[in-house]
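A.B. asks: Structure in structure tokens, see below.
Protein chains: 2
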Amino acid sequence: MINSVVFYQTMNDKSETEKKIFEAARDVFHRRGFDGARMQEIADKAKINKALLHYYYRSKDKLFEAVFREALKRIGPIMFEALDREVPLEKKLKMFVSNYIDLVTKHPFIPGFIMHEMHTNKTRFKTFLKENKHGIIKLNKLKSQLKEGIDKGQYKNVSVEQLIINVFSLCAFPFAARPVFQTVLDIDDAGYRKVLEERKKLIPEIILMSLKK
Amino acid sequence: MINSVVFYQTMNDKSETEKKIFEAARDVFHRRGFDGARMQEIADKAKINKALLHYYYRSKDKLFEAVFREALKRIGPIMFEALDREVPLEKKLKMFVSNYIDLVTKHPFIPGFIMHEMHTNKTRFKTFLKENKHGIIKLNKLKSQLKEGIDKGQYKNVSVEQLIINVFSLCAFPFAARPVFQTVLDIDDAGYRKVLEERKKLIPEIILMSLKK
DNA sequence: GTCTATAACCTGATAGAC
DNA sequence: GTCTATCAGGTTATAGAC
């Protein structure tokens, strides 16, 4: 729900053509990355011609920037704010994982897209992230919850950094490496969807199990 | 050690120039991906000119193919054969995680590289994987170990597929998404190396904890 | 705003001398 | 085997008509 608001605000004042272009661009950039994307393919997909792309977005760089920013806006809030809310840790984890898997099921290329573009252009990413105010996240609430559990002797002494890395790895990697897993484990599309769905339950269990003493 | 053998066999009969080219190509392709890589950059890095690249490797495609094959050869055995050995599950996990993290520390772009190239060209990957005889993996030994533990009431009823996905996610994603994590969690290079090192112990603990009843 | 035509540039690949 | 010079094709970007 957070994300539809963001999307709505961003797209609100745009013309129909501009929306069509943006959606086509998102699709192509997500799939192929900046270097693999072709302005011609975006134009074809939006059913307009190349010149119009430049009319609306000046250059490939600017168009990419718009797409990349939107990806961060979609994924940022759910990633970080959701984890830092005033909700019991256990419940928060379940909600987060379920929301994340739903979101990325709708935009399955986002994790791989962001990862790849970051590796090939770190500075661009850092700039965007920081201005996006999710730059360096605080996670104060999560930290204090974790510390509280540790002090009570309820949780193991795990750093919040490792915890975050574990949660995201378990959530995001099955999407980013989907073709690898499907090939190597010989799972068809329907089967893999089931695997992903199962993980909504599985991941919180794993994380909580790994925290408990 | 498996990997040095593979490397040795492959590089054995090549001239010095060919080796230099291959290593430069590996570096550039790993970093930038096929679409982002430039023959000129490879030539510069190998300290020869573009024409020589074509003399040795005919085309960008063929050069890429060589690099991609080598990445699979490096990662394939450690990924799958290691997990299917006749060793107690607990010990096997620890060894695997430690070896994997060491290998990928040396070639940190491999996970992201393979993932990205797969998304942009699935058929190529499938062909390579299958001929590489790690195509569809059997994991018979791992399966029977897991089943044995489940039957004994020692382990939970987790599928081997989910287990594999969990292990690889926890191992590979911190490398593939390293720039994201470092930025967002505000960790410098030395700090992140420490985080990765810690995971050699942490990951087997998490996996075993999640298995136990 | 939308189109066609084309400029300007880049990149992979080859020809040919040494 | 290695180099310089150059071609051929493709891609981003713009000019200009409607």
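Just so you know, the sequences run in chain order A and B.
Here the first sequence stands for residues 1 to 213, where the numbers follow the working numbering.
Here the second sequence stands for residues 214 to 426, where the numbers follow the working numbering.
Idealized CB from N, CA, C, for every residue including glycine.
Computed from a predicted model, the values in this text were never measured in an experiment.
Can you tell me whether Tyr-268 (chain B) is buried or exposed, with buried defined as 16 or more other CB within 10 angstroms of its CB?
C.D. replies: In the second sequence, residue 268 (chain B) corresponds to position 55, counting from 1. Tyr-268 (chain B) is exposed by the Cβ-count criterion.
A.B. asks: For chain A, is any of its Cβ atoms less than 7 Å away from the one on Ser-339 (chain B)?
C.D. replies: Locating residue 339 (chain B) in the second sequence gives position 126, counting from the first residue. For the record, residue 339 (chain B) in the displayed sequence is Lys; it is not Ser. So, interface residue.
A.B. asks: Any C-beta of chain A within less than 9 Å: which residues of the region 243-255 of chain B qualify?
C.D. replies: So the list reads Arg-244, Arg-245, Gly-246, Phe-247, Asp-248, Gly-249, Ala-250, given in the order they occur along the chain.
A.B. asks: Please state whether DSSP places Lys-425 (chain B) in a helix, a strand or coil.
C.D. replies: Here the question's residue 425 (chain B) lines up with position 212 in the second sequence. Lys-425 (chain B): strand per DSSP, three-state reduction.
A.B. asks: Sorted by chain position, which residues of the same chain lie with C-beta nearer than 6 Å to Tyr-8 (chain A)'s C-beta, five sequence neighbours on each side aside?
C.D. replies: One-based indexing of the first sequence puts residue 8 (chain A) at position 8. Its pLDDT being 49, under 50, Tyr-8 (chain A) is placed unreliably in this model, and the value from its coordinates should be taken loosely. Nothing meets the Cβ criterion.
A.B. asks: Return the Cβ separation of Val-104 (chain A) and Ile-327 (chain B) in integer angstroms, given the expectation that the two are a contact with Cβ distance under 8 Å.
C.D. replies: In the first sequence, the residue the question calls residue 104 (chain A) occupies position 104. In the second sequence, the residue the question calls residue 327 (chain B) occupies position 114. 20 Å between Cβ atoms; not a contact.
A.B. asks: With Leu-103 (chain A) as the anchor, note down where its alpha helix (DSSP H) starts and where it stops.
C.D. replies: As a first step, residue 103 (chain A) must be located in the first sequence, where it is residue number 103. Its alpha helix (DSSP H) spans residues 89-106.
A.B. asks: With a threshold of 7 Å between beta-carbons, can Ile-2 (chain A) be considered close to chain B, or not?
C.D. replies: As a working note, residue 2 (chain A) is residue 2 in the first sequence. Note that Ile-2 (chain A) has pLDDT 43, beneath the 50 cutoff, so the model's placement of it is unreliable and no number is given.
A.B. asks: Taking the continuous alpha helix (DSSP H) assigned at Glu-374 (chain B), which residues delimit it?
C.D. replies: Residue numbering aside, residue 374 (chain B) sits at position 161 when the second sequence is read from its first letter. 373-389 is the extent of the alpha helix (DSSP H) around Glu-374 (chain B).
A.B. asks: Which word fits Asn-379 (chain B), buried or exposed, when buried means at least 16 other C-beta atoms lie within 10 angstroms of its C-beta?
C.D. replies: Here the question's residue 379 (chain B) lines up with position 166 in the second sequence. So Asn-379 (chain B) ends up on the buried side.
A.B. asks: Mind checking if Ala-259 (chain B) is an interface residue toward chain A, Cβ cutoff 7 Å exclusive?
C.D. replies: Taking the second sequence and counting its residues from 1, one reaches residue 259 (chain B) at position 46. Not closer than 7 Å to any Cβ of chain A, the Cβ of Ala-259 (chain B) fails to qualify, so no.
A.B. asks: Residues of chain A with a CB under 8 Å from the CB of Gln-375 (chain B): which are they?
C.D. replies: Your numbering for residue 375 (chain B) matches position 162 in the second sequence. By Cβ distance, chain A contributes Val-195, Glu-198, Arg-199, Leu-202.
A.B. asks: Please say whether Leu-211 (chain A) and Leu-142 (chain A) have beta carbons closer to each other than 7 Å?
C.D. replies: Sequence index remark: in the first sequence, residue 142 (chain A) carries index 142 (1-based). Sequence index remark: in the first sequence, residue 211 (chain A) carries index 211 (1-based). For Leu-142 (chain A) and Leu-211 (chain A), no; Cβs fall outside 7 Å.
A.B. asks: Between which residues of its own chain and Asn-49 (chain A) is the CB-CB distance below 8 Å, once the five residues before and five after are set aside?
C.D. replies: Walking along the first sequence from the start, residue 49 (chain A) turns up at place 49. Hits under 8 Å: Ala-43.
A.B. asks: At a Cβ threshold of 7 Å, is Phe-173 (chain A) touching chain B?
C.D. replies: In the first sequence, counting from the first residue as 1, residue 173 (chain A) sits at position 173. Yes, Phe-173 (chain A) lies at the interface with chain B (some Cβ there is under 7 Å from its Cβ).
A.B. asks: To the nearest angstrom, how far is it from the Cα of Ile-203 (chain A) to the Cα of Phe-96 (chain A)?
C.D. replies: Taking the first sequence and counting its residues from 1, the one referred to as residue 203 (chain A) is at position 203. Taking the first sequence and counting its residues from 1, the one referred to as residue 96 (chain A) is at position 96. Cα-Cα distance, rounded: 10 Å.
A.B. asks: Mind pulling the chain A residues with CB within less than 7 Å of Phe-394 (chain B)?
C.D. replies: Looking up residue 394 (chain B) in the second sequence gives position 181. Within chain A, the residues near Phe-394 (chain B) are Ile-165.
A.B. asks: Taking only beta-carbon positions, decide if Thr-178 (chain B) is within less than 7 Å of chain A.
C.D. replies: Residue numbering for chain B in the displayed model covers 214 to 426; residue 178 (chain B) lies beyond these limits and cannot be assessed.
A.B. asks: Over what stretch of residues does the alpha helix (DSSP H) that includes Gly-246 (chain B) continue unbroken?
C.D. replies: Your numbering for residue 246 (chain B) matches position 33 in the second sequence. From DSSP, the alpha helix (DSSP H) with Gly-246 (chain B) extends over 229-249.
A.B. asks: Taking Arg-244 (chain B) as the reference, which of A:Phe-68, A:Leu-89, A:Lys-122 has the closest Cα?
C.D. replies: Along the second sequence, read from residue 1 onward, the residue named residue 244 (chain B) stands at position 31. When only C-alpha atoms are compared, the closest one is A:Lys-122.
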